Every structure is written in structure tokens, then in C-alpha cells.
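**Q**
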Amino acid sequence: MLLPCTNPDGYEYNRSLHPNGGGLWRKNRCDNGDGSYGVDLNRNYGWQWGRDARLPNSSIYPGQAVFSEPEIAVIRDVLYQQIPTVSISVHTYGNEWIFPWEYSM
Numbered sequence: 001m002l003l004p005c006t007n008p009d010g011y012e013y014n015r016s017l018h019p020n021g022g023g024l025w026r027k028n029r030c031d032n033g034d035g036s037y038g039v040d041l042n043r044n045y046g047w048q049w050g051r052d053a054r055l056p057n058s059s060i061y062p063g064q065a066v067f068s069e070p071e072i073a074v075i076r077d078v079l080y081q082q083i084p085t086v087s088i089s090v091h092t093y094g095n096e097w098i099f100p101w102e103y104s105m
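The opening position of the sequence shown corresponds to residue 1 in the numbering used here, with each subsequent residue numbered one higher.
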């Protein structure tokens, strides 16, 4: 399975503001209902959810609940059906390659 972009609306928003690259918008573009926008999708997964900033205007806001964002809920559902044997993530915000730690379920 290949997921080329898990944050399409955040990516497009960043691209529209910085068409030549260099923008640092990291969240999706959901309306938080308080005048702020976006959830940091990397922090919306279930693992240690909510340990980071709880203010919606924070760049690392994890969302209202675990898997509250549709992008992350879809990834969760697909991974329940098809457990990967290898996982590599290219984290564009930090310009990093991320390899998960190994553990038994």
C-alpha cells in the first residue's frame, strides 16, 4: 500500500501560500469552530493521544478526539484490514525519513 499524501487539503493550502516551496503549514484545514483551522494529523492517532497542546490554534493541536479526523480514521480502518510488514514515512514538515520501532502486538 502506498499513501502518497495523507493531508491533501493542508498540502494544497501550503502550496497556494508558498508555490515555490518553503511553507510550514502542518495541519489539515478543518474548521475548529473557534476561528482557528486544522488538526496536526500526526498527533490524531491513538498512540499517546492528547499528550500535546490542547488549544486548537496550536500548530500541534491533536484534535477533539482520537481518530477524529477522516484522513486518519481511513488509514486506521485500512490498516486493520491489511496489516503492513514494512512501514516508512517521509515526514515533509521535518524533512525526515521516519522508521517505526519494532514491537509485538
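Glycine is no exception: its CB is placed at the ideal position from the N, C-alpha and C atoms.
These figures come from a predicted structure and were not determined experimentally.
From the DSSP output, which residues share a beta bridge with Tyr-37?
**A** For Tyr-37, which the question treats as bridged, DSSP gives the partners Asp-31.
**Q** What residue from Pro-19, Ile-60, Ser-89 has the CA that sits closest to Ser-36's CA?
**A** Residue Ile-60 is the option with its Cα nearest to Ser-36.
**Q** Contact between the stretch 43–60 and the stretch 77–92: three or more CB pairs below 8 angstroms?
**A** The answer is no - the stretch 77–92 does not touch the stretch 43–60, with fewer than three Cβ pairs under 8 angstroms.
**Q** Assuming Ala-73 is part of the alpha helix (DSSP H), what are its boundary residues?
**A** Looking at the DSSP string, the run of the alpha helix (DSSP H) that includes Ala-73 is 70–81.
**Q** Where do the N-terminal and C-terminal ends of the alpha helix (DSSP H) with Leu-3 fall, by residue?
**A** Looking at the DSSP string, Leu-3 is not in any alpha helix (DSSP H), and its letter there is neither H nor E.
**Q** Going by other Cβ atoms of all chains shown within 10 Å of its Cβ, with 16 needed for buried, is Leu-2 buried or exposed?
**A** The residue is exposed, with fewer than 16 neighbouring Cβ atoms inside 10 Å.
**Q** Assign Val-39 to one of two classes, buried (16 or more other C-beta atoms within 10 Å of its C-beta) or exposed (fewer than that).
**A** By the neighbour-count rule (16 or more Cβ atoms within 10 Å), Val-39 is buried.
**Q** For Arg-15, which residues in the same chain have their Cβ closer than 8 angstroms to its Cβ, ignoring the five residues on either side in sequence?
**A** If we look at Arg-15 and ignore the five residues flanking it on each side, its Cβ neighbours are Gly-23.
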